[in-house]
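Since the structure comes first, as structure tokens, the remarks are kept for the end.
There are 4 protein chains.
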Amino acid sequence: MKRQNLIILTGLIVLLPLNAQEKKYPERAPMTPAMTEYWQPQPPVVTPDPVPSDAIVLFDGKNLSQWENSKGAPAEWTVHNGVFTVKKGTGDIQTKQKFSDFQLHLEWRIPEGIKGESQARGNSGLFLQGIYEIQILDNYRNETYVNGQTGSIYKQTPPLVNAMRKPGEWNTYDIIYTAPTFKKDGTYRTPPTVTLLQNGILLQNNTIIRGTTPYVGFPEVKEHGPGPIKLQDHGDPSQPISFRNIWIREL
Amino acid sequence: MKRQNLIILTGLIVLLPLNAQEKKYPERAPMTPAMTEYWQPQPPVVTPDPVPSDAIVLFDGKNLSQWENSKGAPAEWTVHNGVFTVKKGTGDIQTKQKFSDFQLHLEWRIPEGIKGESQARGNSGLFLQGIYEIQILDNYRNETYVNGQTGSIYKQTPPLVNAMRKPGEWNTYDIIYTAPTFKKDGTYRTPPTVTLLQNGILLQNNTIIRGTTPYVGFPEVKEHGPGPIKLQDHGDPSQPISFRNIWIREL
Amino acid sequence: MKRQNLIILTGLIVLLPLNAQEKKYPERAPMTPAMTEYWQPQPPVVTPDPVPSDAIVLFDGKNLSQWENSKGAPAEWTVHNGVFTVKKGTGDIQTKQKFSDFQLHLEWRIPEGIKGESQARGNSGLFLQGIYEIQILDNYRNETYVNGQTGSIYKQTPPLVNAMRKPGEWNTYDIIYTAPTFKKDGTYRTPPTVTLLQNGILLQNNTIIRGTTPYVGFPEVKEHGPGPIKLQDHGDPSQPISFRNIWIREL
Amino acid sequence: MKRQNLIILTGLIVLLPLNAQEKKYPERAPMTPAMTEYWQPQPPVVTPDPVPSDAIVLFDGKNLSQWENSKGAPAEWTVHNGVFTVKKGTGDIQTKQKFSDFQLHLEWRIPEGIKGESQARGNSGLFLQGIYEIQILDNYRNETYVNGQTGSIYKQTPPLVNAMRKPGEWNTYDIIYTAPTFKKDGTYRTPPTVTLLQNGILLQNNTIIRGTTPYVGFPEVKEHGPGPIKLQDHGDPSQPISFRNIWIREL
Chain A
-1 MKRQNLIILT
9 GLIVLLPLNA
19 QEKKYPERAP
29 MTPAMTEYWQ
39 PQPPVVTPDP
49 VPSDAIVLFD
59 GKNLSQWENS
69 KGAPAEWTVH
79 NGVFTVKKGT
89 GDIQTKQKFS
99 DFQLHLEWRI
109 PEGIKGESQA
119 RGNSGLFLQG
129 IYEIQILDNY
139 RNETYVNGQT
149 GSIYKQTPPL
159 VNAMRKPGEW
169 NTYDIIYTAP
179 TFKKDGTYRT
189 PPTVTLLQNG
199 ILLQNNTIIR
209 GTTPYVGFPE
219 VKEHGPGPIK
229 LQDHGDPSQP
239 ISFRNIWIRE
249 L
Chain B
-1 MKRQNLIILT
9 GLIVLLPLNA
19 QEKKYPERAP
29 MTPAMTEYWQ
39 PQPPVVTPDP
49 VPSDAIVLFD
59 GKNLSQWENS
69 KGAPAEWTVH
79 NGVFTVKKGT
89 GDIQTKQKFS
99 DFQLHLEWRI
109 PEGIKGESQA
119 RGNSGLFLQG
129 IYEIQILDNY
139 RNETYVNGQT
149 GSIYKQTPPL
159 VNAMRKPGEW
169 NTYDIIYTAP
179 TFKKDGTYRT
189 PPTVTLLQNG
199 ILLQNNTIIR
209 GTTPYVGFPE
219 VKEHGPGPIK
229 LQDHGDPSQP
239 ISFRNIWIRE
249 L
Chain C
-1 MKRQNLIILT
9 GLIVLLPLNA
19 QEKKYPERAP
29 MTPAMTEYWQ
39 PQPPVVTPDP
49 VPSDAIVLFD
59 GKNLSQWENS
69 KGAPAEWTVH
79 NGVFTVKKGT
89 GDIQTKQKFS
99 DFQLHLEWRI
109 PEGIKGESQA
119 RGNSGLFLQG
129 IYEIQILDNY
139 RNETYVNGQT
149 GSIYKQTPPL
159 VNAMRKPGEW
169 NTYDIIYTAP
179 TFKKDGTYRT
189 PPTVTLLQNG
199 ILLQNNTIIR
209 GTTPYVGFPE
219 VKEHGPGPIK
229 LQDHGDPSQP
239 ISFRNIWIRE
249 L
Chain D
-1 MKRQNLIILT
9 GLIVLLPLNA
19 QEKKYPERAP
29 MTPAMTEYWQ
39 PQPPVVTPDP
49 VPSDAIVLFD
59 GKNLSQWENS
69 KGAPAEWTVH
79 NGVFTVKKGT
89 GDIQTKQKFS
99 DFQLHLEWRI
109 PEGIKGESQA
119 RGNSGLFLQG
129 IYEIQILDNY
139 RNETYVNGQT
149 GSIYKQTPPL
159 VNAMRKPGEW
169 NTYDIIYTAP
179 TFKKDGTYRT
189 PPTVTLLQNG
199 ILLQNNTIIR
209 GTTPYVGFPE
219 VKEHGPGPIK
229 LQDHGDPSQP
239 ISFRNIWIRE
249 L
């Protein structure tokens, strides 16, 4: 740097403190990598195959010993060939065990050759904590009201996309559910939320559930505790839905 | 209580029903089912197999045409047998395309017979929008600092569990990412969030990402727009990690 | 404790390190206070009195120069004695300026001696971004449907409490509003939220606004950008509401 | 419209049903206003003046009967002229009652003529649930590290602005606090959050509290239940801070 420039620059340096650079703030003290590393507690080890080692298997292909009907009597749906199938008129079935926050895996199949349209075609439902319905329906080339199609929070929020497989093929549901907490007056302190993937494709992304999912009228908020996984016998004329490979991990 | 008072009180009790119960609130008018049913817009139809029909395939087993190195030159990692493998010293690679909100599927494999411990064993990383690192590491029977193990938001949030498969086996990552929005001052208006499943098991549940994921020091918040998927060449001595079957769906 | 037991217990203590404590994890490296202190950027200085120095004064007691009617013509409500009053039949008025995220302060007064009941008593409304109505109504000893009372998100969410002052007294509204962001399909990516204090008492606590606030039917979600503060001319027969001291801070 | 145009338009109309209009979806059934109106439960009536009628008055200007020191002994701070003042060396004081979710109002004053700079000038603190510190400090023309200035979540999140009144004047704090909930492993299921207004100006907007607020090191997450409001005796040489008009409403 030449002398002349230096003088000018010095002038600048002298002036600057009177303006912007006058204010010199302390720097954050330097750190070492180990300061941001912590070793405990180590997350639990979960072996993923064939089902997660910390999962409760709700159906292993053999029997419905983990399920009951809504009156507490044995579940009467039909077990055959490693799957179970809705038995019309025997009513909904639900797990004996109750859950709060969970990850749930479940597979379901619409029978090949199914007939009917809109809601009258392969209609069932999965009730989170026995209360909040995630629709199960054959929407393969079958349109219905969008807040009632497969993967909707029934009569509330439609799915992001329609990711149906054909009748006769198995669909998977992977669900992450967070239970609500309640205020003293019985309203939600924190609402329930659900993330849902069907066949590996995102349908609900941490969606807030606004209350119950009635056929007629609005969602309502009612205080409740842990609840079962419930599956719906929709009472449709024929062509029942089948389920298999159901497990749940408490979060 | 004196007799006289009692009488008066009784009078009040008798009167109360004429007051308190007098207040009859209107009932909500009854509704019909069709009032809570809407048909439009119909969610897009996405066929799920073999990859979602609306996904951008980032690696189809043949070449790295969708990827580049951090200088914009062709990605030099090794493609072989339908997978690609980190080529030590060639640097990180990233997608040419940039993304905001997305669902990402990716599979990765630690080589069989890997050696080393803690972070020095099968170390790579997946950077969301090129910035936020989700750790990739061999944590099969290998402990490290928990906010640096596989599935952690690096140096921030450990995974809920350790769901590793053995070296030589493929691990899957299914990621749902929501990009941040920024205030005028460059801080987060809404922070980025991530949900992560490894091998189908939940590791991160809509976890808030607090900023960058540096090796030394704190997360920092810097304004940014859409960014690539970036994979890390960690420069470890040997035993490189392989990847396959990568697709992304913009949300 | 007997001597013999004490000896056994000591033995246990000696043994413990060989079991549970066998696994020794690295400690996080010690830090200094200055590592967690940062000095920049310094938050802006805002002098609070008489109104926040960074606020836009929307009504200073003199004129309605900041307001217009919904057709863009001059606002015709009546200015007098430092306040302005709804002028029946001249229509809603709204700010010329449009806003996104903001803190809003506003005062309103029900005229003394007001008559009528339920919704027919001192009815107006404050529309956030010109769209989402926060109810303004005389609910002093006047009940109505709770999702339509003062401080409700109209036809959506009732206020936590009824904190009305008497007719003739001024009520304050302090509002913190976060505007929605939208997905490509026009639905909310992040919904609008509102915190509301009336007379210093919490009525809405970061409540999610679910869509528009129509008199008939459901909330609807329509994409929009910044919008004005709008005040409603409800067209009621007489006894109009007055406003004063309105300022807004962009967040 | 000219005849020729009409013909073309008619052609369009004829074609449309074969394309876009081919698909006719059912309309949502029309509703009446009363269907979206519900009357129960009526929100509690709270009279706002002079303090909210449902508030617990924690200091009414007379004595510290609602407070104790951290050992459960009587609070020794000085009550005078309707206010109380930190008594150096007597330690922090806290409410005897414990709280979860709440709205808190509190006023504090830096003594006129205060000296010192950065943290050594009018330093106290308000601990939510006895754990999470909201800084109280004289930042009137006194800069410090921003995550340690008045209205910061100490060593975590700086306030949006600096809204200090001069020494000798009273500052108000209005706080809305949501307590955390915990998972079985002791980590947050939902984190604590806080909204803070100082002198009516927003400093924290539903900010997530990430854990404890230590002077050295990182926020830590420790399971806890309801806790007191705690005020800090920072032990500074002189010029103590005063408080008055403290009330809390449980949410």
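Chains as they are written, first to last, in the working numbering: chain A, -1 to 249; chain B, -1 to 249; chain C, -1 to 249; chain D, -1 to 249.
Ideal Cβ placement from N, Cα and C applies to all residues, glycine included.
For a test of the three-state rule: what should DSSP assign to residue i, helix, strand or coil?
i: A/P192; result: In the sequence under discussion, the amino acid at residue 192 of chain A is Val, which differs from the Pro named in the question. Reduced to three states, the DSSP call for A/V192 is strand.
i: C/T205; result: strand
i: C/T83; result: strand
i: B/G198; result: coil
i: B/G123; result: strand
i: B/R187; result: strand
i: D/P217; result: coil
i: A/T34; result: helix
i: A/V159; result: coil
Using CA atoms only, rank isn't needed, just tell me which of the options is closest to residue i.
i: D/H103; options: D/G87, D/L124, D/K85, D/T88; result: D/L124
i: C/Y175; options: C/N197, C/G111, C/Y36, C/I132; result: C/I132
i: D/G233; options: D/I207, D/G120, D/N140, D/L194; result: D/G120
i: B/R26; options: C/Q237, C/I244, C/K153, C/T45; result: C/K153
i: B/S68; options: B/D90, B/W106, B/H222; result: B/D90
i: D/W37; options: C/Y143, C/Q101, C/Q147; result: C/Y143
i: B/P157; options: A/P28, A/P31, A/P41; result: A/P41
i: D/Q237; options: D/T88, D/K113, D/S63, D/P46; result: D/K113
i: C/E35; options: D/Q202, D/E248, D/Y213; result: D/Y213
i: A/N243; options: A/K22, A/R107, A/M29; result: A/R107
i: A/G128; options: A/I246, A/P178, A/K96, A/P24; result: A/K96
i: A/E248; options: A/D47, A/S150, A/F100; result: A/F100
i: B/A161; options: A/H222, A/P24, A/A161, A/D47; result: A/D47
i: D/L229; options: D/L195, D/P28, D/V159, D/A73; result: D/A73
i: A/T148; options: A/L126, A/Q117, A/P178, A/A177; result: A/Q117
i: B/N251; options: B/K86, B/D58, B/K22; result: Given a span of -1 to 249 for chain B in the structure shown, any question on residue 251 of chain B remains unanswerable.
Quick check on residue i - is its C-beta less than 9 Å from some C-beta in chain A?
i: C/Y23; result: yes
i: B/D183; result: no
i: B/A118; result: no
i: D/E141; result: yes
i: D/L126; result: no
i: B/I134; result: no
i: C/A27; result: yes
Count the other C-beta atoms from every protein chain shown that fall within 10 angstroms of the C-beta of residue i, then say buried if there are 16 or more, exposed otherwise.
i: A/N61; result: exposed
i: A/S122; result: buried
i: B/E110; result: exposed
i: C/Q19; result: Confidence in C/Q19 is poor, its pLDDT being 49 and thus under 50, which makes the residue's placement unreliable; the coordinate value appears in the next sentence. Classification of C/Q19: exposed, given that the 10 Å Cβ count is below 16.
i: B/V44; result: buried
i: A/A177; result: buried
i: D/Y130; result: buried
Say whether chain D places a C-beta atom closer than 9 Å to the C-beta of residue i.
i: B/Y36; result: yes
i: C/N121; result: no
i: C/T188; result: no
i: A/T30; result: no
i: A/P212; result: no
i: B/I206; result: yes
i: A/T193; result: no
So, does the CB of residue i fall closer than 9 Å to a CB anywhere in chain C?
i: D/A18; result: The predicted model places D/A18 with a pLDDT of 47, which falls under 50 and marks its position as unreliable; any figure quoted below should be read in that light. So, not an interface residue.
i: B/L229; result: no
Taking 8 Å as the cut-off, is the beta-carbon of residue i closer than that to any non-hydrogen atom of the ligand SAM?
i: B/W37; result: The ligand content of the structure shown is nil, which means the ligand SAM is not present either.
So that I know if they touch, is there some Cβ in chain B lying closer than 9 Å to that of residue i?
i: C/D99; result: yes
i: D/A161; result: no
Quick check: the region 177 to 186 of chain D against the region 167 to 184 of chain C, are there 3 or more CB pairs under 8 Å? no
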